[in-house]
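Trainee: Take 3 as the starting number for the sequence shown in the numbering used here and just add one per residue.
Note that CB positions come from ideal geometry on N, CA and C, so glycine has one too.
Before I ask anything, here is the structure I am working with.
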Amino acid sequence: MRKLFLSLLCSLCLCLGFMAPAQAGMISLEDEIKMGQATAQQLESQYGVVQDEALQARVNRIGQRLAAVCGRDELEFSFKVLNSPEVNALACPGGFVYVFKGLVDYMPSDTELAGVIGHEVGHVAEKHTVHAIEKQMWTSLALILATKGQSMDLVSMAQQVIFAGYSRTDERGADKQGFYNTIKAGYNPYSMLLTLYKLDDLAKEQGNSGYGIFASHPDPEARIAKVEKLVKKLDIHPDVIVHDNGTATVSEGNWRFNIHQSIGNTKAKYRAYMLAGSLWTVRQRGRVNPHYFVVHDHGSSADLYYDDIQLLTLYRQDADAFGSAGAYAAACTELLQDWARVVNAESDKKHK
Numbered sequence: 003m004r005k006l007f008l009s010l011l012c013s014l015c016l017c018l019g020f021m022a023p024a025q026a027g028m029i030s031l032e033d034e035i036k037m038g039q040a041t042a043q044q045l046e047s048q049y050g051v052v053q054d055e056a057l058q059a060r061v062n063r064i065g066q067r068l069a070a071v072c073g074r075d076e077l078e079f080s081f082k083v084l085n086s087p088e089v090n091a092l093a094c095p096g097g098f099v100y101v102f103k104g105l106v107d108y109m110p111s112d113t114e115l116a117g118v119i120g121h122e123v124g125h126v127a128e129k130h131t132v133h134a135i136e137k138q139m140w141t142s143l144a145l146i147l148a149t150k151g152q153s154m155d156l157v158s159m160a161q162q163v164i165f166a167g168y169s170r171t172d173e174r175g176a177d178k179q180g181f182y183n184t185i186k187a188g189y190n191p192y193s194m195l196l197t198l199y200k201l202d203d204l205a206k207e208q209g210n211s212g213y214g215i216f217a218s219h220p221d222p223e224a225r226i227a228k229v230e231k232l233v234k235k236l237d238i239h240p241d242v243i244v245h246d247n248g249t250a251t252v253s254e255g256n257w258r259f260n261i262h263q264s265i266g267n268t269k270a271k272y273r274a275y276m277l278a279g280s281l282w283t284v285r286q287r288g289r290v291n292p293h294y295f296v297v298h299d300h301g302s303s304a305d306l307y308y309d310d311i312q313l314l315t316l317y318r319q320d321a322d323a324f325g326s327a328g329a330y331a332a333a334c335t336e337l338l339q340d341w342a343r344v345v346n347a348e349s350d351k352k353h354k
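Listed below in structure tokens is the structure:
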């Protein structure tokens, strides 16, 4: 009976075209990559790839930083934007990761995209799709034994797993992977939490608060709570204070940075988390140089940076009496230089 089982399984692997003989892991690395390639080709054929070289380069840059720390050095990851208005993202076996244009529009900052992409890289790192397919293969094999010859299509299986969704355990595992990998890659520690907050907001707007935005991303409240616990362990400073009127304050000792405006779907408190988390990332590099704060003025908006770390995007709505986003951002650099002096003085006291 054992010889018959193995013979049928090997025949099944041969009919699939690229399956290796069964072993502890039924799907080899080569199989995983080939499955991913085939699935990726079908996705690109179905949706098309956004013809924006700068956007594609930006998403790939974020993704490659996350892939470099995920623990799967044997894979050559690919990151692309699909031309669809859906707020979604997908990870194919073998490291082929896609974000939809609608998601980029909904989560425009590198901080938010790092959270989304980090989550999808987490699925690849943990081989969630591969393991789900292997489980289906054993179930299908029992059917083959019973029906004497029905075969199965691994690419179809991969697509079914990707679109039907992962288990809650897998989703939370990808959240945890994404959380730690965003930090290892030098991104904002609030990246994953901001991603979940905004997906939950959108889900509630669409009347689907019980299961989050996608069937494949269930149980948003429990996932948010788990990531909040991970964030709390870091003891992040500056602190974020959210006020009853919807405004927020980033604080460090007596230093304050107030954020009054919610911009589009990005609440003031989310903007505060972006700034606070980015300043925490700045501190991880050591002593803060007050002269490294710079402004990238785009006219209707302006980005605050510390060296290559994006801190916050400011808009005309923020500017008030300053007249323009750029003028307000320039004034904010002075406020951030004050913060640098505060944290440097605190560090000097500790090392005396």
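Where does L303 sit, in a helix, a strand or coil, going by DSSP?
Mentor: Inspection of the sequence shows that residue 303 is occupied by Ser rather than by Leu. Correct three-state label for S303: strand.
Trainee: In chain order, what residues of the same chain have a beta carbon less than 6 Å from the beta carbon of S264, not counting five sequence neighbours either side?
Mentor: A270
Trainee: Using 8 Å for Cβ pairs, my map puts I261 next to T249. What's the rounded Cβ distance?
Mentor: 7 Å
Trainee: Using only CA atoms, which one of A278, Y182 and E223 lies nearest to A70?
Mentor: Y182
Trainee: Taking all protein chains shown into account, do 16 or more other C-beta atoms lie within 10 angstroms of the C-beta of H121, making it buried, or fewer, making it exposed?
Mentor: buried
Trainee: Evaluate T171 with the Cβ neighbour count: other Cβ atoms within 10 Å of its Cβ, from every protein chain shown; 16 or more gives buried, anything less gives exposed.
Mentor: Residue environment for T171: exposed (fewer than 16 other C-beta atoms within 10 angstroms of its C-beta).
Trainee: Verify whether the separation of the beta carbon atoms of A274 and V252 is less than 8 Å.
Mentor: yes
Trainee: Would you kindly check if the distance between the Cβ of L115 and the Cβ of I395 is under 8 Å?
Mentor: Because residue 395 is not part of the residues shown, which for the chain are 3 to 354, the question remains open.
Trainee: For the alpha helix (DSSP H) that contains I185, what are its first and last residues?
Mentor: R170 to K186
Trainee: Out of curiosity, what's the CA-to-CA distance linking I226 and R287?
Mentor: CA-CA distance, I226 to R287, rounds to 28 Å.
Trainee: Counting C-beta neighbours from all protein chains within 10 Å, is the total for E336 16 or more, i.e. buried, or is it exposed?
Mentor: Residue environment analysis places E336 among the exposed positions, since fewer than 16 neighbouring C-beta atoms fall within 10 angstroms of its C-beta.
Trainee: When we look at the beta-carbon of D246 and count the other beta-carbons within 10 Å, is it buried (16 or more) or exposed?
Mentor: exposed
Trainee: On the DSSP letters alone, give me the boundaries of the beta strand (DSSP E) that A91 sits inside.
Mentor: A91 to C94
Trainee: Rounded to a whole number of angstroms, what is the C-alpha to C-alpha distance between S153 and V99?
Mentor: Residue placement at S153 cannot be trusted, given a pLDDT of 45 that sits under 50; what the coordinates show is reported in the next sentence. Distance between S153 and V99, taken at the CA atoms: about 28 Å.
Trainee: To the nearest angstrom, how far is the alpha carbon of H353 from that of F259?
Mentor: 27 Å
Trainee: What is the DSSP secondary structure of I238, counted as helix, strand or coil?
Mentor: Per DSSP, reduced to three states, the secondary structure at I238 is coil, with no helix or strand assignment.
Trainee: Can you grab the Cα-Cα spacing for the pair A224 / M194, in whole Å?
Mentor: 14 Å
Trainee: Could you tell me the distance, in whole angstroms, from the CA atom of Y192 to the CA atom of V233?
Mentor: 7 Å
Trainee: Have a look at G328 and E128 and give me their C-alpha separation to the nearest angstrom.
Mentor: 43 Å
Trainee: List the DSSP bridge partners of A250.
Mentor: V244 and I261
Trainee: Give me whichever residues DSSP pairs with Y317 in a beta bridge.
Mentor: S303
Trainee: For H125, count the other beta carbons within 10 Å of its own beta carbon; 16 or more makes it buried, fewer makes it exposed. Which is it?
Mentor: buried
Trainee: Classify I226 as helix, strand or coil using the three-state DSSP reduction.
Mentor: helix
Trainee: What number of angstroms, rounded off, separates the C-alpha of D203 from the C-alpha of D221?
Mentor: 13 Å
Trainee: Give the straight-line distance between the Cα atoms of W257 and L314, rounded to the nearest whole angstrom.
Mentor: 17 Å
Trainee: Tell me the rounded alpha-carbon separation between E32 and I135.
Mentor: Whole-angstrom Cα-Cα distance: 15 Å.
Trainee: Pick out whichever of V345, Y308, Q44 and Y294 has its Cα sitting closest to the Cα of G188.
Mentor: Y308
Trainee: With 8 Å set as the bound, which would you pick, yes or no: does the beta-carbon of V126 sit closer than that to a beta-carbon of chain C?
Mentor: The structure shown contains no chain C; it is built from a single protein chain.
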